[in-house]
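Chains as they are written, first to last, in the numbering used here: chain A, 167 to 701; chain B, -18 to 254; chain C, 6 to 499; chain D, 37 to 351.
Beta carbons: idealized from backbone N, C-alpha and C, even for Gly.
It should be emphasised that the depicted structure is a prediction, and the values quoted were computed from it without experimental measurement.
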Amino acid sequence: MSLLYVDQLNIKLGPVSVLKDVSFSLQQGEILALTGESGSGKSMTALALMQLLPDIAKTDGRILFQREDLTTKTEKELCKIRGSDISMVFQEPMTALNPVKTISAQVSETLILHKGETPRAAREKAQSILHKVGLPPSVVPMGRFPHELSGGQRQRVVIAIAVALTPSLLIADEPTTALDVTTQAQILALLKSLVKETNMAMILITHDLAVVANMADNIAIMQHGKIVEMAPTQTLFSQMHHPYTKSLFAASGHTVNLPYKAVNADNLLKVTHISRQYRLPRKHPFEATKYARAVSDVSFSIDHGERLGLVGESGCGKSTLTRAILGLDPIEKGTITLNGRDVQNAKADVRRDIQVVFQDPYGSFNPRHKVSRLVCEPYHLLPNAPSGRVADDKISRLLEDVGLSSTDKDKYIHEFSGGQRQRIAIARALIIRPKLVIFDEAVSALDVTVRAQILDLIAKLAAEYGLSYLFISHDLAVVRSVTDRCLVMRDGQIVETGRTKDILDNPTHDYTKKLINAAPKLPALPKGITAHAPS
Amino acid sequence: MRQYRSLIIGTFLSLIVLIAATFSFVWIPYDIMQLSIPDKLQTPNWDHFLGTDHFGRDILSMIMVGARTSLAVALLAVGIGMGIGVPLGLAAATRRGAFLDEVIMRTNDLIFAFPSLVIAILITALFGAGAMNAIIAIGIFNIPVFARVSRGAALSLWQKEFILAARVSGKSKLRISVEHILPNLTNLLIVQGTIQFSLGILAEAGLSYVGLGAQPPTPSWGRMLADAQTMVSFAPHLALIPGSAIILTVLGLNLMGDGLRDALDPKLRKSRQ
Amino acid sequence: MIKSKKYIAATAIALTAVASTSFAASSDITVAMQLEPPHLDPTSAAAGAIDSVLYSNVFEGLTRFASDGAIIAGLAKSWDISAEGTEYTFHLRAGVQFHDGTGMDAEDVKFSLDRARSEDSTNAQKALFSGITDVAVVDSTTVKVTLDKPNGSFLFNMAWGDAVIVAPESIEGIKNNPVGTGAFKFQNWVQGDRIELARNDNYWGSAPALESATFKFISDPTAAFAAVMAQDVDVFTGFPAPENLPQFEADARFQVLEGSTEGETILSTNNKMPPLDNVKVRKAIAHAIDRQAIIDGAMFGYGTPIGTHFAPHHPDYVDLTGNSQHDPELAKKLLAQAGFPNGFETTLKLPPPSYARRGGEIIASQLRAVGIRAKISNLEWAQWLEQVFRGKDYGLSIVSHTEPMDIGIYARPEYYFQYDNPEFQALMTDLSATTDTAMRSEMLKKAQNIISEDYVNGYLFELAFTTVADAKVQGLWKNSPTQATDLTGVSWLD
Amino acid sequence: MLQYAFKRALSLCLSLCLASVVIFAVVEIAPGDPASFMLGINAQPDTIAALRAELGLDQGKFVRYLEWTGGMLRGDFGTSYTYRSSITDMIAERMWISLPLALYALALSTLIAFPVGLYAASTRGAPGDVAVMGVTQLGIAIPNFWFAMLLVMIFAIKLRWFSAGGFAGWDDGLFIGVKSLTLPAIALALPQASILSRVMRSALIETLSEDYIRTARAKGLSRQAVLWRHALRNAMIPVLTIIGLQFSFLMAGAIIIEQVFFLPGLGRLVFQAITQRDLIVVESVVMLLVFAVISVNFIIDLAYAAVDPRLRHGP
């Protein structure tokens, strides 16, 4: 008999059906991956297993855990199971810990709660558990508060809480999504070793197929609240059946059709020895002010028609650099010129040559304006901006160029999906035909299939418009596919630069190597899965 | 429907008051300028639905005209608060951490540090009791409220990418404030405005109660309460009626404010689904 | 269990409330009044509240007011007046002691009078002493006061609270620790709440029945009502809310004393401000006013209508209310004759007392009926003094003139109603030089007629002085010839 | 932590300096002369001048400002114009009423609000929650002076459980003193309790939607346990803010309530002083109240840091 058997699980939130006939089972020591795009019902499944669904949820079906149906248990019984037999690790380590309690207290709490340990004994056990998840007291004292820890360390604390009582089942809901690749690799390794060590079962929920490939024994693909396909990992990779599975895999390994373009050394943007630092808060009032360097002596250039990538983990100085190039924030040293003219304190005639596409499709638009007004906002930079019919026509044409309909211009932004919004953002960036576009993590927030479409669009527009752009991303695969040349940035400095292909295939700098090794890889795709985006 | 319960009840109550106030311009049951001592202190009856006061005036008419005073004072006070506070808050938000921001926010803190009621009494007592000074006194304390609220919201908006996009489009901070920030504050300002409005009505009642609000013969609910105070023991309706009018109005506005916040806040709306 | 605990607590509270009130009887008394004295020196402030607590209880003058308003002997047991009427020789009582044990003698009298009339005096009624040219100590119990001219009201002036005898030894601390010669000693002052007095066992006169007295200050009329109803206080002098009096009258636990005061409540008129400088306009106003409605509406029936500036209980009073009968038609006609057929606009500035605030609303309504639009503004006393009294920036006002025998103010053209009538001024000069009672009476009657017929002010009513007391308290002053709460004759009925 | 405290203390001092200037300026430009007020309508001009000199009102404004602030630094507020006694003593005496009253009301308000807020938050959406929140809406809408009038009518005049007002003093024992502050404290506390319960409820509900609450639930904590062990402390920040605001409101805002119950507290003192143009008392009391507000905010800021470790090092 399996450890967990989910039988025909249906869940409705009010009128909305979020899980439909979900069935699967899980053995001791097995890792099951639940994967799918946002809204597919992955997380809802996890919450259903924990019986932590919202109050309005209506459950139908059975969840047999160690032969007992969790859906019929009382709250009191469930409290005994949660944390001791079934545990959960959540996505966002920054918010998953109580900010006002020490990590020791938060780990001990589970022990005190379920085992009735004395606070002192619990504390000692907590210490050994924290040690086990890679937080020895010598590195991270137990009295620390969550805000004093890095993201990876916090996620280790969350894991420590979850495995404190060696549960039979661990549910990890996107445990590494919020983390950098190098940290992600460590956390995944930790989870894997814990499973192995304690022989617990784990459900790993993730949108990232590459992660799944290296971790899971079985994979379940979810779409619209249903499991559309489920199979052992190797089997699934070699012979997938469901069209959605195929399209998902296709999108994940998607590369765009953007032939390398050699350019002559004709600088469009020239960044010379720029530095920018931030003042750190003083520990006591008479201390000398200390500074943190966000960007330190960075130089590079983008030529006309060049597509440059910038890779780096969070906090490496990418955004500071972007803001400096856009002329939004001042720099302390160095110069940034566009076509030989300084962008700092630049007038409209310089600024009109740079536009930007941001990461967050939801925060990039004023919700109170219509698309037509949103798209033509950069017209502000033109001395004789088109208006009336002319402008209307331009907007219509551009919307069609980015794959939307011209009638969309009279809609408000909330009527669009995330992918459509990114298209509108690109339209906005292109409307005044800038010489340089900055894509600031422009596809990071998108689901894989949508991401593939947007990357294709960027490639298409790059060809049609002859764009030069700076493409900033933490995702090496994406950078590989849409850039000619790339920079690797770390701690405010550029550590390696060169042709994208060369760098990614033969990295020279240790950091670049580490980055590439840490990135989870998809296995080779089976035949019949094209490398093109699903339409 | 259930989620809009507050909004519906609140709007209904507020509308009654608003209609009574507006209607009083056209018609009131009795002329309240005409005192009629022999008719004084009648309990509610068919001639006077809510009875008469110590001067023989019709209380229903007084309540209707008094609603006008209460609403006008509170509305203008909110107007002062918004008119001055919002631009200050927006300006402070554009220069986060800079001198201007510091000056504006420290001044705000300073005003907050003053005991509002005492200062309102001081202002009206020193510069003369009357509706205008009451408006100013209440209005002054609305300024930092609106400045703080709009600065806080504006600061988080300034972090939004659409604001960056507007800056990339070369728009000035002033223009962005007007074009992008302000429209996105309207919900918040409507909600805060409603709350301040109801607080304004309470403040006006308090000031009038100590004799520093609207001056006779202009009726005011607070002063009706003050006048009634010594007569509660033998004519309780004199205090109960204006008291109820204040409570229902403030209750209505508060419910409406809460309802509006729930209805306008997309975050709450989502969580309800 | 919880319920029964609550019950016990409630009962305990109720019991103590009853206990604390029933203890109060026999030898001590709690007297409440509306206003608290700003400080305790009757000789350097206008506040009537000081006299209300201290006059005749703690401080005494050479002469004093009796409860009927007559002037009787005080610290001076007798006096001689020279034939020309300019020399007063006071014979002081012997063996009188201040509360600090020092003796009261002629030196103290000289000190008190000289202090009041000196250059840097801060006496609010300095005019009372203006005629004094010299104060001489004849012997330890005899003082001779010389006036520059005969003054018929000198003995009356010396009875005022502002003319009480103080000692140089204790003058320094008088504002917080008053030391006088009266039947009660000052004990304690909890500012904002109460003043406590105790019987002076060395009192020269007959010993009072009370051992101690507490004056409590309750400015809020509601609180006043509640305090009396709850019997937290035994006596409330000058009860501020006449509307509540019928309830006390109907309650056997209480007695209500309605007495007369020296307070002529008038519609003060700025005689220099057009169109109020026109006697026809003033007459029109007088006829527009319905006195009885004001007394009923503002004072709930308490108060005596007056037609001139004179206390009705005074033997020389003339009833001139007929000069200003309520007649709106006549008022309109007069206005038309004066050139204001459509009325005019003026200001009505009101000080805080409820007679003024309520009366003001009623008068404004009555004036509106004949076309006069009076814009009401409610002022604090300080503002009223500034704007109306000193600044003369007003059209109409309502105020009660509580000083006794103050018709003389009409002879002062700079006084705030700015009435300038040489005939009246001459009459007043003659009056002060006249000591013959019959002649004085004639002159006073004439004076009353002049101001009534000139409609200097609107004459409304004589303020009633209402005291609510426990039914068992006796010996309280019914009338109020001056602001005082004389406790020397008060006792509990057993 | 130390730096945080130091920074807050510095801004406290600055605010006090500014406040003193503002207060002095506002009060000094006010029309009305204390000397004329005191001497009444029959006073002669030379008498008034003599009194002005005696009060020191004939000196320049700047000199008087310096004297006033300098005195305050030494703990001496000067001498009242009308009462002619030490303002420090007057304030000290009234403080013994205002402070206990404020604390009493605050304690009542907190004691009512905490359970009510907790109850409402834990039964969110249930009839009990709706009913309790309805009552608090009403509580906020009721003017406290009107509520005070009702309390006097019912408990003092009809039932005669409490005295209608006045303050018996602390000399006769704690019970008597507390008793005479009970009705005013209730009148002050109920509307405040309504506000506080609502804040408490919404802060708790907001906290309950945080990720770490889910973590705690996944640990096996029951809803109640989560509420107590995790939500409560995190919800304290907004609640503390309101408690701080309420304390300052209760110190000064009691002015009308003190009027209704004729309590000789600070509020009554300042009200009386305003009407009597006892400017120096007005200035001093307002200054003291500002000082109280600012200090309470300072304490609240420190309390934040105690509650939330993230603030201990922050800017």
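Kindly indicate if chain B contains any beta-carbon less than 7 angstroms away from that of residue i.
i: SER370/C; result: yes
i: PHE531/A; result: yes
i: ALA514/A; result: yes
i: ALA438/C; result: no
i: VAL235/D; result: no
i: LEU325/D; result: yes
i: THR227/C; result: yes
Can you tell me which residues form a DSSP beta bridge with residue i?
i: ASN433/A; result: ASP469/A
Kindly indicate if chain A contains any beta-carbon less than 7 angstroms away from that of residue i.
i: ARG196/D; result: no
i: GLY78/B; result: no
Sorted by chain position, which residues of the same chain lie with C-beta nearer than 8 angstroms to residue i's C-beta, five sequence neighbours on each side aside?
i: ASP505/C; result: Any question about residue 505/C goes unanswered here, given that chain C covers just 6 to 499.
i: GLN293/A; result: SER270, PRO303, MET308
i: LEU142/D; result: ALA225, GLN228, ILE279, GLN282, PHE283, LEU286
i: ASP235/A; result: ARG228, ILE229
i: GLN479/C; result: VAL495, SER496, TRP497, LEU498
With C-beta atoms as the reference, is residue i less than 7 angstroms away from residue j?
i: GLY90/C; j: PRO486/C; result: no
i: THR268/A; j: ILE327/A; result: no
i: SER284/D; j: VAL322/D; result: no
i: TYR426/A; j: ARG445/A; result: no
i: ILE92/B; j: ALA135/B; result: no
i: GLY240/B; j: GLY(-9)/B; result: yes
i: LEU221/B; j: ALA128/B; result: no
i: GLU385/C; j: GLY187/C; result: no
i: PRO43/C; j: ASP56/C; result: no
Consider the Cβ of residue i: report whether some Cβ of chain D lies at a distance smaller than 7 angstroms.
i: LEU98/B; result: yes
i: GLU350/C; result: no
i: PHE95/B; result: yes
i: GLU334/C; result: no
i: THR372/A; result: no
i: GLN196/C; result: yes
So, for residue i: in the same chain, excluding its five sequence neighbours on each side, which residues have a beta-carbon less than 6 angstroms away from its beta-carbon?
i: HIS29/B; result: GLN23, ASP39
i: ASN235/B; result: SER179
i: ALA512/A; result: GLY493
Chain B contacts made by the region 41 to 53 of chain D, where a contact means CB separation under 8 angstroms: SER47, LEU50, SER51
Within 7 angstroms of chain A by C-beta, residues of the region 177 to 204 of chain B in sequence order: none
Residues of the region 155 to 187 of chain D with Cβ closer than 7 angstroms to any Cβ of chain B, in chain order: GLN173, LEU174, ILE176, ALA177, ILE178, PRO179, PHE181, TRP182, MET185
Within 8 angstroms of chain C by C-beta, residues of the region 209 to 241 of chain B in sequence order: GLN210, THR211, MET212, VAL213, SER214, PHE215
Short-range partners of chain B found in the region 380 to 408 of chain C, where Cβ spacing is below 8 angstroms: ILE381, SER382, ASN383, LEU384, GLU385, GLN388
Residues of the region 141 to 170 of chain B with Cβ closer than 7 angstroms to any Cβ of chain A, in chain order: LYS141, GLU142, PHE143, LEU145, ALA146, ALA147, ARG148, VAL149, SER150, GLY151, LYS152, HIS161, PRO164, ASN165
Contact list for the region 291 to 303 of chain D against chain C, Cβ threshold 7 angstroms: GLN295, VAL296, PHE297, PHE298, PRO300
Interface residues of the region 252 to 263 of chain A facing chain D [CB-CB below 7 angstroms]: SER253, MET254, PHE256, GLU258, THR261, ALA262, LEU263
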